[in-house]
Amino acid sequence: MWVVISGPSGVGKSALGAYWSYRVIKDFEHGQVYFDFGRRRRGLDEAVEWCLRSLGVGGERIPLDLDDKIALLRSEARGRRLLFFFDNVADLRKVAELLPASGDSLVLCTSHDDAAELAPDGARAIRLRELEPDDAVEFLRSELGERVDTEPDAARELAALCGNLPIALHVVVGLLSSHPKWRIGRAVRELSDQHRRRSRLTKVFSALDVAVGYLEPGQRELYVLLGCFPGAAFGAGAVAALAGLTDADAEIRLEQLHRTCLVEENDQEQYRFHDLVREHAVEAAGRELDADTRDYALRGLVEWYRRQGAYADRKVTEPSRLRVSDDEVTGENPFTREEALEWLERERTNLIAMVRVAAEHDWHSAVISLCEGPLWALHNQHKHYSETLRAFETAVASARAEQNGVAEARMRSLRSQLLVECGHVDEALDESSRAVEVAERAGHRRVLASALEFHGKALHARGAFAEAIGFFERSRRLNEELGRPRGVALQEYLIGKALCGAGRYGEALAVLEAALEGIAQFPEDRRTPARIRVAAARAHQGLGQHEVAIELLEAAISATRERQASFDLAEPLVLLADALAACGRDGSRECLEEALAIYEQAHSPKADDVRHKLTE
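The opening residue of the sequence shown carries number 2 in our numbering; numbering runs sequentially from there.
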């Protein structure tokens, strides 16, 4: 079933949809998936990916092609009773492609477009109009109390000036609440002075004009500047950077805007505009800000995200890892590791928006820094392949525009890894090969060592283990020459994995032992030692040495549990189950059951292999 609630801005479409879905959610045993299209700010590709993630599909399973994503979504929804709530849809016909095959599910959309013409396609159209005058006055009474009873005629006129639209009524309630000594007739006079030059939607803008006009100068300046903000939601720190304020002053002004109903607060200490208010703010910014002022504000915003992203990156990933942008990070890092990861995930869409803004303004160094810093750090934790790939494509273009061979090689290398993880091995090999060529021309040996490593990874993914080992060996020699023992240890780990892939288990163990000794010099790296032990355990199993493998796997599992990295547990648990079974020891089934739960939660295709093992 497909239901579309349509109507003009501010009429209450989203509110009705939220109220109805809350009332009926108990009838949908598999829950609700909500996505806000933001009236063309977010596209169908992002919507499908969001739905897949909401249904528990891990990032590594999500394909790049939109048609493939839609097919996977329909497959995941089959047999489930789900409520899909798509808010602020701009193109209803595109959303129709997402309709689940299951008749037990329901799709609810809100849109500014009427859906009557989609009735032949199965859509049930509900078109909302403005409130009836009596209902609008009753709403004002519920918020303003006896002030409405004192001036009932003025209240009715005020509602009419607002077009009887709920969002405009909210705004005037905020205006009157912030001026408790005003009579309603005063608000009527203020709104009537706007020449009533627009249609019903314009009446709402007139109400916003008045509300903004009565803001304190600093609040008004901030409101106009927020019309430049390219992301969806904004926190105090970002707003401070945009407006040249302290964080405390930005927070105060945002709270004031919130009290007057001009911004809404979410549950992550951020604020956002209602669609109609955003349109008004964007219009005000276009009218009142010259190009230099706008660019100066945006540059400050981009640089703030670049700086905060650098801090977050250094908490989430190895501080000394290769970074060609070489952003200087001074002072105390404001994040813990957990806070940094939360910030990266919360600000993901804004980080992507900053890459776009920086590219549009030819701020190429900012594009490169944002991609190889916070976006790469986030990718190593949570996968968002489609938009991250696009961002790195932009970063490659920025590096080329700057004729910066070092940055180009690095961006191509990182992009090749994304392509490997997506299963696009041919494209990854092409990208990583070009990275090696560019790095060689640039003459930067550390970047060349990195490019060789990523090309080796792409070859490993192809199954060309001997060729991969050759590139890892070249990278190891360069790291030795550069005096980078951690880089040497990482290449030895990769060589050991490739030797295992080639069935050369004895050679693999010797190299992995050296890798483990080398990485021990870096106690802050808690992930790599466990990964080396897992690779060594696989080699011992290849040699039939299952007791040794058990010892290594138990150590790796213990260390991984301490890091609370649940997905990393699955592979060693499966290997441990095999080793325990080979030795005739108890515990194999328990390991497989835990691994199965992890893979199922991530919707990993490896779950099928574990289920098969459990039935043997």
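Even glycine gets a Cβ: it sits at the ideal position worked out from N, Cα and C.
Give the DSSP-derived three-state secondary structure of residue i in the structure shown.
i	result
Cys110	strand
Ser321	coil
Arg198	Only weak support exists for where Arg198 lies, its pLDDT of 31 falling under 50; the value from the coordinates is given anyway. The answer is coil: DSSP assigns Arg198 none of H, G, I, E or B.
Ser589	helix
Tyr386	helix
Tyr215	coil
Lys607	helix
Glu30	coil
Arg157	helix
Arg273	strand
Phe235	strand
Glu552	helix
Glu61	helix
Glu222	helix
Asp266	According to the sequence provided, residue 266 is Glu. The question's Asp does not apply to it. The answer is strand: DSSP assigns Glu266 an E or B state.
Asn381	coil
Val12	coil
Cys372	helix
Glu594	helix
Lys316	helix
Gln546	coil
Arg300	helix
Ser207	helix
Ser669	Shown here, the chain extends from 2 to 617; a query on residue 669 therefore has no answer.
Phe230	coil
Ser414	helix
Lys182	coil
Gly164	coil
Ser326	coil
Arg42	coil
Asp579	helix
For the alpha helix (DSSP H) that residue i lies in, which residues bound it at each end?
i	result
Leu176	Pro167 to Ser179
Gln404	No alpha helix (DSSP H) contains Gln404, which DSSP labels as neither H nor E.
Cys52	Leu45 to Ser55
Asn334	From DSSP, Asn334 is part of no alpha helix (DSSP H); its letter is neither H nor E.
Ser76	Leu67 to Ala78
Arg254	Asp248 to Arg260
Leu570	It is not in any alpha helix (DSSP H) - Leu570 carries neither H nor E in the DSSP assignment.
Ala531	Thr529 to Gly543
Ala518	Going by the sequence as given, residue 518 is Glu instead of Ala. Tyr506 to Ile520 is the span of the alpha helix (DSSP H), which, as asked, contains Glu518.
Leu290	Taken as a continuous stretch (DSSP letters only), Leu290 belongs to no alpha helix (DSSP H), as it is neither H nor E.
Gly186	Ile185 to Ser193
Glu361	Arg349 to Glu361
With the cut-off set at 8 angstroms, would you say residue i and residue j are in Cβ contact?
i	j	result
Ala499	Ile470	yes
Leu45	Lys95	yes
Ala126	Leu176	no
Leu109	Leu84	yes
Ser589	Ala578	yes
Val426	Thr395	no
Ala239	Arg273	no
Arg447	Leu323	yes
His259	Gly60	no
Pro181	Leu132	no
Ala550	Leu570	no
Glu339	Asp526	no
Val358	Leu299	yes
Ala169	Gly228	no
Arg349	Gln269	no
Assuming residue i contacts residue j under a Cβ cut-off of 8 angstroms, what Cβ separation, rounded to an integer in Å, is found between them?
i	j	result
Ala410	Ala459	Not confirmed; about 14 angstroms, so no contact.
Ala538	Leu554	5 angstroms
Val174	Ala208	Contact doesn't hold; Cβ gap of about 11 angstroms is too wide.
Ser326	Gly374	7 angstroms
Arg463	Leu430	7 angstroms
Val306	Leu246	In the sequence on display, residue 306 carries Tyr and not Val. Going by Cβ atoms, the distance from Tyr306 to Leu246 rounds to 16 angstroms, so no, they are not a contact pair.
Val303	Arg315	That pair is no contact at about 19 angstroms.
Lys70	Glu50	6 angstroms
Ser399	Ser417	Not really, about 17 angstroms apart at Cβ, beyond 8 angstroms.
Leu513	Ala536	6 angstroms
In terms of residues, what are the limits of the beta strand (DSSP E) holding residue i?
i	result
Val5	Trp3 to Ser7
Asp37	Gln33 to Asp37
Quick one: is the Cβ of residue i within less than 7 angstroms of any heavy atom of the ligand NAD?
i	result
His613	With respect to small molecules bound, the structure shown includes none, and the ligand NAD cannot be examined in it.
Which runs of the alpha helix (DSSP H) spanning at least 4 residues fall entirely within the segment 418-503, listed in chain order?
426-443, 446-463, 466-482 and 486-502
Enumerated in chain order, which unbroken segments of the alpha helix (DSSP H) with a length of 4 residues or greater are wholly contained in the segment 81-151?
93-96, 134-145 and 147-151
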